[in-house]
Structures are given as C-alpha cells and as structure tokens.
Amino acid sequence: MRSTLFLISLATFISCSRINTPAVFYDDCSGSTLSLSEGIVVSDTLGYFSYKMPDSSWLPQRYLGENTTGLTIGNISSQGHWFFFNASHSFYTGEWNWEVEQKNVENDFNVIETGNISLLGQERPYNIVHFHVDSPQTISFYVTVLDTLKKSNYTLNLTTDYDEDYKSRICEMKPLLESFRILD
C-alpha cells in the first residue's frame, strides 16, 4: 500500500511540475529537412558574423547602415510558404538591461510568445512577433545574442507567413539559426 501511495504521489508531482514548466516548442524541433551539410557560408559586409544557407537559391541580401550591418536570405517553398532568415549586428553603449529591452519589444511589437532557448551554448531569450498589419501577415521568431566584451548586439530572426502551422516552419529553419557564428 505504501509503495502504491508513493507512486501515486510521485506521478502527481511529476505531472504538476510539467504543468508549471512551459515547454518551448523550439527546443523540441527535430527532423528538419533543411540540410546545411553542403551549404554555403555567407557573412555580413563588415565580417562580424556568418551563417550557412542551403544553396544559392536562397539569394543573400546584405545591407549596411550607419550603425548596423545585416544579411538576409530567403526562399519560397513549393507550397508557397515564405522562409526568411536575417541576422544583424550593431553596437550598444552602457550596460545591457534585458528587462528594459524586453519591455521595449513588448511595447513596440505584437509579441505573442516569449521564453528562452539554448543557442550557441547559452540560454537566450526569444520573442515571437506577429506582424498582423502586414499583408500577407507574417510571424517572426527573434533571438538576441550579445558579445558584452565588444558591446555588440546580434539580432537573429526566422520569419514565415502566418497561419496555424507557422511553428513547424520555424522548426524547419532551426538549422539556419544554429549555423550562426560570431567572427573574430
């Protein structure tokens, strides 16, 4: 009887702890058919970062601003879905304050989900933003990577068209995000 009560208590504890711990869909992404094994390494104009794109059909577009540099790649699937990956670099001054930055993002954008993911060996905050005023509507998965020694901010985002299956398309692009590297 004691072992039965113990097992029931343990099962209850485990199920309650799962309820209180939100599962991040991105951490469970697996089985992407997007292969980067023979991908092409591309970098921004000033050589701050690089990542891999699957092939030349992803058409890289670089941009260089007064205080930022960026690189976007994109493709359209045979089903007509958009797949875009963008990385940008900028410098910041002062001390980075994650709480203030998060409040600014939530004030400026339609954030529908926030959390943390493991990327480049660290836990990093993410935001999913729904651009509902765009036509067609889009959804973007944003992650920020900081280099506090160089006071560099890298913003990475995966963007796709908005519908009920957008998370599976973000998962499909996970290898792009994981190929991101900061260059010396």
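Counting from 1 along the sequence shown, just add 192 to a position and that's the residue number in the working numbering. All C-beta atoms, glycine included, are put in the ideal place defined by N, C-alpha and C.
If we count the other Cβ atoms within 10 Å of its Cβ and call it buried at 16 or more, is Ile304 buried or exposed? The residue in question, Ile304, is exposed, as its Cβ has fewer than 16 Cβ neighbours within 10 Å.
I'd like to confirm the pairing. Which residues does DSSP put opposite Val325 in its beta bridges? Paired residues: none, contrary to the question.
Quick check: the region 351-358 against the region 321-335, are at least 3 beta-carbon pairs closer than 8 Å? Flag = yes, the region 321-335 and the region 351-358 touch.
For Leu369, does the three-state DSSP call read helix, strand or coil? Looking at Leu369 - three-state DSSP - the assignment turns out to be helix.
How about the region 256-270 and the region 279-288: do they share at least three Cβ pairs that are nearer than 8 Å? A contact is defined here as three or more CB-CB pairs under 8 Å, and the region 256-270 meets this definition with respect to the region 279-288.
Residue ranges of each alpha helix (DSSP H) run of no fewer than 4 residues wholly in the region 262-347, ordered along the chain? Look at the region 262-347 and you find these whole runs of alpha helix (DSSP H), each 4 residues long or longer: 290-300.
Here's the rule: buried if 16 or more other CB atoms are within 10 angstroms of the residue's CB, otherwise exposed. What is Leu368? Result: buried.
Three CB pairs or more closer than 8 Å across the region 290-302 and the region 311-322: At 8 Å Cβ cutoff, the stretches touch.
Exposure of Trp290, with buried meaning 16 or more beta-carbon neighbours within 10 Å: Label assigned to Trp290: exposed.
Am I right that Pro246 and Ser227 are in contact with their C-beta atoms under 8 Å? What's the rounded C-beta distance? Right, their Cβ atoms sit about 7 Å apart.
Going along the chain, which residues of its own chain have a beta-carbon closer than 7 Å to the beta-carbon of Thr237, five neighbours each way excluded? Same-chain partners within the cutoff: Arg254, Leu256 and Thr261.
Just list the beta strand (DSSP E) runs in the region 224-259, keeping only unbroken ones of 3 residues or longer that don't cross its boundaries, in chain order. You should have 232-235, 241-245 and 253-256.
Alpha helix (DSSP H) containing Cys363: first to last residue? Its alpha helix (DSSP H) spans residues Tyr358 to Glu364.
DSSP three-state label for Asp353, please. Three-state result, Asp353: strand.
Taking a contact to mean a Cβ-Cβ separation below 8 Å, would you say Phe372 touches Tyr243 in this structure? Against a cut-off of 8 Å, the Cβ pair of Tyr243 and Phe372 comes out as a contact.
Return the Cβ separation of His275 and Thr264 in integer angstroms, given the expectation that the two are a contact with Cβ distance under 8 Å. Strictly speaking, residue 275 in this sequence is Phe, with His absent from that position. Contact doesn't hold; Cβ gap of about 11 Å is too wide.
Cβ neighbours of Val233 in the same chain (closer than 7 Å, five flanking residues each side left out): The beta carbon of Val233 sits closer than 7 Å to the beta carbons of Ser242 and Lys244 from its chain, once the five residues preceding and following it are set aside; these are given in chain order.
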